[in-house]
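A.B. asks: Numbered as in the UniProt record's numbering, the sequence shown ends at 1052 without a single skipped number.
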Amino acid sequence: MARGARPGHQVGVHRARRGQLDGPAARVAGREHEGVGVIPLSFAQRRLWFLGELGESAAYNVPFSVRLKGSLNREALRAALTDVVNRHEALRTVFPVVDGEPHQEIRPHATPELTFVTCTESDLPAALTRANGHVFDLAEDLLIRAWLFQLRPDEHVLLVVVHHIASDGWSMGPFLRDLGIGYESRCAGRAPVWEPLPVEYADYTLWQQDLLGDADDPASLLAQQLKYWTGALDGIPAELVLPTDRPRPAAPSGRGDILGFEIDGDLHRALTDLARDTNTTLFMVLQAAIATLLSKLGAGDDVPVGSVVAGRTDDALDELVGFFVNTVVLRGDLSGNPSFRTLLDRVREAGLAAYAHQEVPFERVVEAVNPARSLARHPLFQVMLVLQNNSKAELAFPGLDVSPVVVRTGSCKFDLMFGFEEADSGIGGAIEYATDLFDRSTIQRLGERLVRVLTQVTANPDAPIGAVDVLAETERQVVFERTATAVEIPDRCLHELFEDQVVRTPDATAVVFEGTEISYAELDGAANQLARHLARRGVVPGDLVGIHLDRGHELVAALLAVLKAGAGYTMLDPKFPAERIASAVADSGVSLVIDRAWLESEGDLISAQRLDALELPVHPATTACVMFTSGSTGRPKGVATSHRGLAGTYLGQSYFGPGEVFLQCSPVSWDAFALEVFGPLLFGGLLVVQPGQNPEPRVMAALVAKHDVTALQMSASLFNFMLDEHPDVFKIVRTAMTGGEAASVPHVARALRDFPGLRVINGYGPAESMGFTTVFDVHEATGTSIPIGTPIANKKAYVLDGALGLVPDGVVGELYVGGIGLAHGYISRPGLTAERFVASPFGDGERLYRTGDLVRWLPSGQLDYVGRIDDQVKVRGFRVEPGEVESALMSHPGVTQAAVLVRDGLLVAYTVGGGEDLRDHVGRVLPEHMVPSAFVSLDALPMTPNGKLDKRALPAPTFVARGRDPRTPQESILCGLFGEVLGVDRVGIDDGFFELGGHSLLATRLVSRVRSAFGVELSIRDVFEAPTPAGLAERVGRAGKARPALVRRARG
1 MARGARPGHQ
11 VGVHRARRGQ
21 LDGPAARVAG
31 REHEGVGVIP
41 LSFAQRRLWF
51 LGELGESAAY
61 NVPFSVRLKG
71 SLNREALRAA
81 LTDVVNRHEA
91 LRTVFPVVDG
101 EPHQEIRPHA
111 TPELTFVTCT
121 ESDLPAALTR
131 ANGHVFDLAE
141 DLLIRAWLFQ
151 LRPDEHVLLV
161 VVHHIASDGW
171 SMGPFLRDLG
181 IGYESRCAGR
191 APVWEPLPVE
201 YADYTLWQQD
211 LLGDADDPAS
221 LLAQQLKYWT
231 GALDGIPAEL
241 VLPTDRPRPA
251 APSGRGDILG
261 FEIDGDLHRA
271 LTDLARDTNT
281 TLFMVLQAAI
291 ATLLSKLGAG
301 DDVPVGSVVA
311 GRTDDALDEL
321 VGFFVNTVVL
331 RGDLSGNPSF
341 RTLLDRVREA
351 GLAAYAHQEV
361 PFERVVEAVN
371 PARSLARHPL
381 FQVMLVLQNN
391 SKAELAFPGL
401 DVSPVVVRTG
411 SCKFDLMFGF
421 EEADSGIGGA
431 IEYATDLFDR
441 STIQRLGERL
451 VRVLTQVTAN
461 PDAPIGAVDV
471 LAETERQVVF
481 ERTATAVEIP
491 DRCLHELFED
501 QVVRTPDATA
511 VVFEGTEISY
521 AELDGAANQL
531 ARHLARRGVV
541 PGDLVGIHLD
551 RGHELVAALL
561 AVLKAGAGYT
571 MLDPKFPAER
581 IASAVADSGV
591 SLVIDRAWLE
601 SEGDLISAQR
611 LDALELPVHP
621 ATTACVMFTS
631 GSTGRPKGVA
641 TSHRGLAGTY
651 LGQSYFGPGE
661 VFLQCSPVSW
671 DAFALEVFGP
681 LLFGGLLVVQ
691 PGQNPEPRVM
701 AALVAKHDVT
711 ALQMSASLFN
721 FMLDEHPDVF
731 KIVRTAMTGG
741 EAASVPHVAR
751 ALRDFPGLRV
761 INGYGPAESM
771 GFTTVFDVHE
781 ATGTSIPIGT
791 PIANKKAYVL
801 DGALGLVPDG
811 VVGELYVGGI
821 GLAHGYISRP
831 GLTAERFVAS
841 PFGDGERLYR
851 TGDLVRWLPS
861 GQLDYVGRID
871 DQVKVRGFRV
881 EPGEVESALM
891 SHPGVTQAAV
901 LVRDGLLVAY
911 TVGGGEDLRD
921 HVGRVLPEHM
931 VPSAFVSLDA
941 LPMTPNGKLD
951 KRALPAPTFV
961 ARGRDPRTPQ
971 ESILCGLFGE
981 VLGVDRVGID
991 DGFFELGGHS
1001 LLATRLVSRV
1011 RSAFGVELSI
1021 RDVFEAPTPA
1031 GLAERVGRAG
1041 KARPALVRRA
1051 RG
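1) Fully enclosed by the segment 139–199, which beta strand (DSSP E) runs are 3 residues long or longer?
2) Please state the DSSP three-state secondary structure of residue 279.
3) Less than 9 Å between the beta carbons of residue 711 and residue 655, yes or no?
4) Locate the alpha helix (DSSP H) running through residue 810, then write down its first and last residues.
5) Would you mind working out which of 568, 791, 819, 859 sits nearest residue 811, comparing C-alpha positions?
6) With distances taken from CA atoms, which of 778, 801, 782 is nearest residue 790?
7) Decide if the segment 960–980 is in contact with the segment 276–291; the criterion is three or more beta carbon pairs, one per stretch, under 8 Å apart.
8) Quick one, are the C-beta atoms of residue 605 and residue 536 less than 9 Å apart?
9) Taking residue 837 as part of the beta strand (DSSP E), name the residues at either end of that continuous run.
10) At which residues does the beta strand (DSSP E) containing residue 868 begin and terminate?
11) In the DSSP output, which residue or residues are listed as bridge partners for residue 544?
12) So residue 441 is in the alpha helix (DSSP H); what residue range does that whole segment cover?
13) Between residue 460 and residue 277, what straight-line distance do the alpha-carbon atoms span, to the nearest angstrom?
14) Can you find at least 3 beta carbon pairs, one from the segment 841–861 and one from the segment 675–691, that sit closer than 8 Å?
15) Quick one: what's got a C-beta closer than 8 Å to residue 567's C-beta in the same chain, skipping five residues either side?
16) Looking at residue 909 and residue 934, is the spacing between their C-beta atoms short of 9 Å?
17) On the DSSP bridge assignment, give the partners of residue 795 in chain order.
18) Measuring only the C-alpha atoms, how far is residue 646 from residue 994?
19) Reducing DSSP to helix, strand and coil, say where residue 1038 ends up.
20) Which residues bound the beta strand (DSSP E) around residue 103?
21) Using a Cβ distance threshold of 8 Å, determine whether the segment 408–421 contacts the segment 77–85, with at least three qualifying pairs required.
22) Residues bridged to residue 417 by DSSP?
23) Using only CA atoms, which one of 483, 245, 816, 484 lies nearest to residue 441?
24) Tell me, which residues are paired with residue 65 by DSSP?
25) Using three-state DSSP, classify residue 598 as helix, strand or coil.
26) Whole angstroms is fine: what's the gap from residue 942's alpha carbon to residue 824's?
27) Ignore the nearest five residues each way along the sequence and tell me which others in residue 344's own chain have a CB closer than 7 Å to its CB.
28) Out of 447, 233, 179, 169, which has the shortest C-alpha to C-alpha gap to residue 309?
29) Just checking my contact of residue 1109 with residue 596 at CB under 8 Å: how many whole Å lie between their CB atoms?
30) When you compare only the Cα positions, how much space is there between residue 487 and residue 264?
31) When the distance is taken between beta carbons, is residue 374 closer than 9 Å to residue 1024?
32) Could you tell me the distance, in whole angstroms, from the CA atom of residue 1056 to the CA atom of residue 180?
33) Beta-carbon within less than 7 Å of residue 527's beta-carbon, same chain only, minus the 5 sequence neighbours each way: which residues are those?
34) Could you pull out every residue in the same chain whose Cβ sits closer than 6 Å to the Cβ of residue 953, ignoring the five residues on either side in sequence?
35) Looking at the strands, I want to know which residues DSSP matches up with residue 858.
36) Just tell me which of 938, 1015, 1030 has its CA closest to the CA of residue 992.
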């Protein structure tokens, strides 16, 4: 029964009668259990018993509450409750454990507890929630309790709480009918008279086991249905990606809440019409719509949801109270961007097949499919769908006005549960959600978006689901406002802007290199002379010139000279291999290469040229720069960018100005090189050039101190290193720009704390958008990541899905960038250019660049970097973002740097600093599947010449070999117990219980064996959290003394 649903409703269960589906036709025989010594649990009961052992507490309590107005006969109510409990064996059954095996013990007679409470109306909701939080001991307690809250002498609220192991939603019908008859009879002074029940729950349990047969028998119903499910669920996502507000905790609290919404009558009729036209059901239409919605919110194109079937496949079970429902997994296949009509066809076929194989218990399906186990989430699905379209169960007490009361349970068994109830006026909807993961505002939007999806798919079911828009118009407007960054700037070429600055400050120092200073006028004159010589050598506007020089004055003059000659430049890093340089020259078609030998040979001719500018007509759309970046095929890509694109990255921004001193330390092949050169030179600042080709932290620190450098551009890794090793730099630098990779929250927080006057800018931008495209001015560094901000002036950023549709805030999508900084494309690579530079889907005639980066909009309106599409990895079926694991590692007080890679399918953590407790620390904040399999401690993380993390230089870890022999008597005994329970000949201390074929039932047996062998009490949770003999041996050493063993006692 859904939490918060109206009392007495059977919520969302599908009932398959004999003949409706191809299920078994055998009948339940009455009183089969009489004379049977030990009655096992039904499969459904076993699932809930196991969850109780995991500590699910009150999450599986089923509350029923009504308001009673009038003269209530309390004693008649107490007697009627007792009558009903003694009529239905399931309500007086407990579940003791003998030798690790739970069984049903039916008490011959039982009296449920009815507690009287005086209460005010205002205190009632909290009192109901508190009472519903009662924790039953399944081995000892009667699994039904009642409370009667007196509000006034003639007004009461009755709350009945039954553990789900003894009842289900369908059971509310017979329970309430019997309770009404019992109350009426007791008020009249007589015992109730009912028609005898044809069977009891224990009969059903034995019948079910006989019916399903043995899984080892290929001809059995169980084996046949398990074969279906293992095929149907092959490759199912281990965890559905949902638009959560917080990371999934390693140990869920089980706390939840519920929020309602409405589907009006017109839309209700449209949905039923669509179901009729497509030969489906309303339930199937709702399932397909939810799958579409979740897919649009980042869940992908394989969206499994859970649903319940009534499990009462025999008429003899209709009037019985008990737990019969079974859970089935309904898989939604959205691959290929089908139309909604086509999706409904897929949903119908998958649903009918699932219902035709509904007899196999869900827990057996989990065991057969054997997904990666985690205590952090429900196996096989995390979203439940229920639809109430059966008759309501109602309570009738003579002489009393009876009305339902909603009980807020404050719990949730799944990440999300969508509940629907048909009514004459429309459909009532409710979303129950885990508060560990979601804020109420997020669920509010989720309900609104579902209604939006339903409206669109009923209006046009033949449109592809990729065209479905989940955003409200106001949300779309907000997205476009974020990209409304237009600022008026001069539409001029880079060299012209530099020449304007020369006119303003001719005598100011422009460049400092190794103690030599040159002014703006001197630099301009040198560039003009070289430009004139280039023109004499045949360089014409539109050509490309290679620059192959060490850093210094001549490099800066050569760069300006090429632009003044109307050509574009490409920087050829002297440290690059000759083969790579030759490839770049060949791909780009350079007309000339300026290197040291050429300058020396042409020196006299160059110095003979005039000092004034050529004044060639060069359009701002002309290519100014070709920068080569790494290609996925190993062949570098030449990114061609215009004057307008380069200039637009610097003009109109707030971090450039005449008083700034920039240090040029980035490799000449990196996009930051242009920022470090033009950032100061276009605004009258000073450019300090570091010798050498790569950033040298020690040299950088000395130059900052010597020249009072005010602005420093660094990769995130280099920023971290400078803060760790040369912190005095930040006493001088006023602006630290970091980018190129994810910023470290602890490092940025420390920089802001230790250097209050420091401005930290976290920038983002690919070479295809000429460097910084979005920036975030960091004032506070908290949480797990530093945002990458919003688009800078005249640039744009959109977060889009696979169909180029806008995604809502909080949903991960691919970042597309556009605006003034966008490159023309890739030199000599028209196919790749067409693939990566696409037409804007917003009809504005512009192009956008597909970055391949995954981001999301934060509630603050800032972009949050998630990772690379090609960096996403799967570990044991789970999608893992290495950045999330790195954040957890960095939260350890001893870790100063961290990186996470996947090697041979296993997660590996590389850290600088930390300790022996690092694995335990990560395990406390991340789910088990995200805890690295190996931890490698390093003195420092290796960096590339660009100052980024050099992943290829990280050493391979030495993994602990599986199957190690026991080292202690405890480990030896545990290896033997593993082998005994699992039927395995040899078990090593590092072998995982579930990897060897263990499942939940076998885990309970292992716990029982451990109790007998060591006299200590472990829980099933211990087996999940430490599933190896080595891990359990540590817990045995810390465990408490075992409880007394259960023994059968003589009966009087």
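Beta carbons are placed, not taken as given, at the ideal position from N, Cα and C, and that holds for glycine. Quick caveat: nothing in here was measured; it's all calculated off a predicted structure.
C.D. replies: This is what the structure holds:
1) 144–152, 155–163
2) coil
3) yes
4) Note, residue 810: premise wrong, no alpha helix (DSSP H); not H, not E.
5) 859
6) 778
7) no
8) yes
9) 837–839
10) 863–868
11) 568
12) 440–459
13) 13 Å
14) no
15) 534, 539, 540, 541, 542, 543, 544, 545, 591
16) yes
17) 819
18) 56 Å
19) helix
20) 101–106
21) no
22) 384, 432
23) 245
24) 159
25) helix
26) 34 Å
27) 278, 280, 284, 285, 288
28) 169
29) Here the chain has residues from 1 to 1052 only, and residue 1109 is not among them.
30) 46 Å
31) yes
32) What is shown of the chain runs 1 to 1052, which leaves residue 1056 out entirely.
33) 557, 560, 561, 564
34) 942
35) According to DSSP, which records beta bridges pairwise, residue 858 is partnered with nothing at all.
36) 1030
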